[in-house]
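**Student:** Pasting in a structure now, in structure tokens, and then I'll have a few things to ask.
Chains as they are written, first to last, in the numbering used here: chain A, 7 to 130; chain B, 7 to 130.
The following block contains the structure:
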């Protein structure tokens with residue numbers, strides 16, 4: 007893949023999980039493209055909540071709205087232009103504001119592969 | 007390093023190079039923190055130009071202003087909310103608009119280490 011620009015209008019959003027209808031992700035670069043990182047946009051509906059052990063190094067940049075992230079060191083609230091850094095292995099609860107939120111993300115390694123492996127492990 | 011939020015007001019900007027006074031970077035996460043990625047904010051003065059062979063996988067998110075990136079596949083222009091993906095090894099010219107630009111970036115691996123190594127090689 008060469009140098010590329012991605013606008014939100016280019017993104018194809020998919021629901022994160024069946025039970026989490028209010029959260030959608032849109033990878034624009036991922037394991038299909040041969041590089042080490044996944045890049046994309048995230049869309050959180052009003053009040054959406056995601057509880058998860060982060061399976062990758064996940065960096066989010068808030069583009070619209072507001073999200074709060076609770077971890078073992080407390081809660082931070084991020085607004086447009088803020089960066090949230092979530093290291094692998096951290097247990098977090100991500101909570102969107104009443105207006106929802108739009109984010110950009112970069113993960114190392116690829117979050118879909120890591121997450122699939124994590125959930126496969128849990129099913130054993 | 008635990009989960010953390012970084013606002014632009016937390017960032018400590020430094021000039022990228024002596025000859026590039028109009029471009030400043032502010033790492034908020036890097037090789038000092040034990041993870042695989044460097045995360046930070048970039049600030050481009052009006053009309054600032056950076057020509058470089060990208061030494062890492064570099065993802066930029068435009069927060070304010072506008073930048074154009076010229077590579078071997080042409081020129082893309084990115085506005086607030088847009089993502090620019092620049093794979094390792096690509097030769098790019100980054101050009102800020104007349105109002106300058108503010109960006110967030112995530113690089114894998116750490117750009118300062120890769121860039122120092124690249125310039126050391128060139129001096130031999």
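Glycine is no exception: its CB is placed at the ideal position from the N, C-alpha and C atoms.
None of these values were measured; they are calculated from a predicted model.
How would you write the range of the beta strand (DSSP E) that residue 116 of chain B sits in, first residue to last?
**Tutor:** Element bounds for residue 116 of chain B: n/a, residue is neither H nor E.
**Student:** From residue 105 of chain A to residue 123 of chain B, what distance separates their C-alpha atoms?
**Tutor:** About 45 Å.
**Student:** Looking at residue 80 of chain A: is its Cβ nearer than 8 Å to the Cβ of residue 108 of chain A?
**Tutor:** Not closer than 8 Å, so no.
**Student:** Counting only Cβ pairs nearer than 9 Å, list the residues of chain B close to residue 78 of chain A.
**Tutor:** By Cβ distance, chain B contributes 8, 9.
**Student:** Indicate whether at least one CB of chain B lies closer than 8 Å to the CB of residue 88 of chain A.
**Tutor:** Closer than 8 Å to some Cβ of chain B, the Cβ of residue 88 of chain A qualifies, so yes.
**Student:** Drop a sphere of 10 angstroms on the beta-carbon of residue 116 of chain B, count the other beta-carbons inside from all chains shown, and report buried for 16 or more, exposed for fewer.
**Tutor:** Buried.
**Student:** Once you ignore the five residues that flank residue 125 of chain B on each side, which residues in its own chain have a CB closer than 8 Å to its CB?
**Tutor:** Once the five neighbours on either side are set aside, residue 125 of chain B has no close Cβ partner at all.
**Student:** Between residue 18 of chain A and residue 32 of chain A, what straight-line distance do the alpha-carbon atoms span, to the nearest angstrom?
**Tutor:** Cα to Cα, the separation comes out at about 5 Å.
**Student:** Residue 34 of chain A and residue 89 of chain B: beta carbons closer than 8 Å?
**Tutor:** Closer than 8 Å, so yes.
**Student:** Specify, as a first and last residue, the run of the beta strand (DSSP E) that residue 12 of chain B falls within.
**Tutor:** Counting along the chain, the beta strand (DSSP E) containing residue 12 of chain B begins and ends at 10-12.
**Student:** For residue 74 of chain B and residue 38 of chain B, I'd like the C-alpha separation in whole angstroms.
**Tutor:** For residue 74 of chain B and residue 38 of chain B, the distance between alpha carbons rounds to 31 Å.
**Student:** So, residue 59 of chain A versus residue 101 of chain A, is the Cβ gap smaller than 8 Å?
**Tutor:** In this structure, residue 101 of chain A does not lie closer than 8 Å to residue 59 of chain A by Cβ.
**Student:** Do residue 62 of chain B and residue 113 of chain B have their C-beta atoms closer together than 8 Å?
**Tutor:** Closer than 8 Å, so yes.
**Student:** Output the boundary residues of the beta strand (DSSP E) element that contains residue 19 of chain B.
**Tutor:** Residue 19 of chain B -> no beta strand (DSSP E), and no H or E assigned at all.
**Student:** Quick one: what does DSSP say residue 54 of chain B is sitting in, helix, strand or coil?
**Tutor:** If DSSP states are grouped into helix, strand and coil, residue 54 of chain B belongs with coil.
**Student:** Quick check: residue 118 of chain A and residue 36 of chain A, are their CB atoms within less than 8 Å of each other?
**Tutor:** Result yes, Cβ atoms of residue 118 of chain A and residue 36 of chain A sit closer than 8 Å.
**Student:** Where does the unbroken beta strand (DSSP E) through residue 71 of chain B begin, and where does it stop?
**Tutor:** Counting along the chain, the beta strand (DSSP E) containing residue 71 of chain B begins and ends at 63-77.
**Student:** Between the C-alpha atoms of residue 40 of chain B and residue 65 of chain A, what's the straight-line distance to the nearest angstrom?
**Tutor:** Answer to the nearest angstrom: the Cα atoms are 15 Å apart.
**Student:** So residue 48 of chain B and residue 111 of chain B are in contact, right, with Cβ under 8 Å, and what is the actual spacing, rounded?
**Tutor:** The pair is a contact, with the Cβ atoms about 6 Å apart (cut-off 8 Å).
**Student:** Between the region 64-76 of chain B and chain A, which residues of the former have a C-beta closer than 7 Å to a C-beta of the latter?
**Tutor:** Within the region 64-76 of chain B, the residues whose Cβ lies closer than 7 Å to some Cβ of chain A are 65, 67, 69, 75, listed in chain order.
**Student:** List the residues of chain A that residue 41 of chain B touches, going by C-beta distances under 9 Å, in chain order.
**Tutor:** Within 9 Å Cβ-Cβ: 63, 91, 93, 94, 114.
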